[in-house]
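My numbering numbers the first residue of the sequence shown as -16 and each following residue consecutively.
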Amino acid sequence: MHVHVNAAESVDGKLSTREREQVAISGPADFDRMDELRAGVDGVLVGVGTVLADDPGLTVKNDERRERRERDGAPPNPARVVADSRARTPPDAELLDDAAATYVLVSEDAAEADVAALSAAGATVITTGSGRVDLTAAFDRLKEYGVERLLVEGGGELIFSLFEADLVDRLTVYVGSVVIGGRDAPTLADGEGFTDPDSFPELSLTDVERVDDGVVLAYDA
């Protein structure tokens, strides 16, 4: 599976405020770039924190791009995927509508009632790992459903976990011209963090592009 992480952050590396409120860091040109990325993948992955904070739909917005997908034999929208160890995704979340298939990745510790509610709402629930989702095993299961190209849109805990598991192939980051601040504000890669410099994921900068009033940095991992 090819895993592409895409995010927007402030100059000081924050994804949103310390209250985890959604902030418009980028502008129309970057939103369009992100829509093009969605149109080119089989699935879009977010963590449950993003679902609870923003209730995203994770669909392709541009009509022509959806039509292009259908001409290529794909559904109009990529599958929606949520990393949700304890099955906290609300059954009435927007990404559980009928716009695309939805997969919820849970751990073995998720409550049976919550898993059943998600299944009843139309989600395909994939269970891997004890305590937290085993992302490597979950991705192997996703490939059985035809998800070979995965776009990850956050948040920071999930992105760190993906780097920790050595599952990231590409990273693109929009850096907007704004300072958010706050020691408790989420960053690109939250979680426990790496302590040994030898374990830091190595990236190779492949492109820098000015978009809106910011820049997009592209890396191979």
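We treat Cβ as the ideally placed atom computed from N, Cα and C, and that holds for glycine.
Requested in this report: Report the residue from Gly139, Leu145, Val162, Val194 whose alpha carbon sits nearest the alpha carbon of Ala172.
Outcome: Gly139
**Report entry** Contact set for Arg186: own chain, Cβ-Cβ below 8 Å, skip 5 residues either direction
**Finding:** A quick correction: the sequence has Leu, not Arg, at residue 186. Contacts found: Leu154, Tyr202, Asp203, Ala204.
**Report entry** Thr139 (DSSP reduced to helix, strand or coil)
**Finding:** Reading off the sequence shown, one finds Gly at residue 139, where the question assumed Thr. Helix, per DSSP.
**Report entry** Nearest-angstrom beta carbon gap, Gly10 and Asp196 [assumed within contact, 8 Å]
**Finding:** 7 Å
Query raised in the report: Are the Cβ atoms of His(-15) and Glu131 separated by less than 8 Å?
Result: yes
Query - Range of the contiguous alpha helix (DSSP H) that encloses Val31 - result: 31 to 37
Query raised in the report: Does the Cβ-Cβ distance between Val87 and Pro61 come in under 8 Å?
Result: no
**Report entry** Sufficient close CB pairs (3 or more, under 8 Å) joining the stretch 161 to 175 to the stretch 116 to 127
**Finding:** no
Query - Contact the stretch 94 to 110 vs the stretch 50 to 60: 3+ CB pairs below 8 Å - result: no
Query raised in the report: Ordered along the chain, which non-local residues of its own chain (more than five positions away) have a Cβ less than 7 Å from that of Thr72?
Result: Val31, Val34, Val65, Val87, Leu101
Query raised in the report: What distance in whole Å lies between the Cβ atoms of Val199 and Glu(-8), which are believed to be in contact at a cut-off of 8 Å?
Result: Wrong, their Cβ atoms sit about 11 Å apart, outside the cutoff.
Report task. Have a look at Ser113, Pro184, Leu79 and flag the residue whose alpha-carbon is nearest the alpha-carbon of Ala106. Result -> Leu79
Report task. Have a look at Phe143, Leu(-2), Ala(-10) and flag the residue whose alpha-carbon is nearest the alpha-carbon of Ala168. Result -> Leu(-2)
Query - DSSP three-state assignment for Arg153, whether helix, strand or coil - result: strand
Query - C-beta atoms of Gly40 and Glu77 nearer than 8 Å - result: yes
Query raised in the report: Given Asn45, which residues of its chain have a CB within under 6 Å of its CB, disregarding the five upstream and five downstream residues?
Result: Asp18
Query raised in the report: Between Ala7 and Val194, which are expected to be in contact by the criterion C-beta below 8 Å, what is the C-beta distance as a whole number of angstroms?
Result: Contact doesn't hold; Cβ gap of about 14 Å is too wide.
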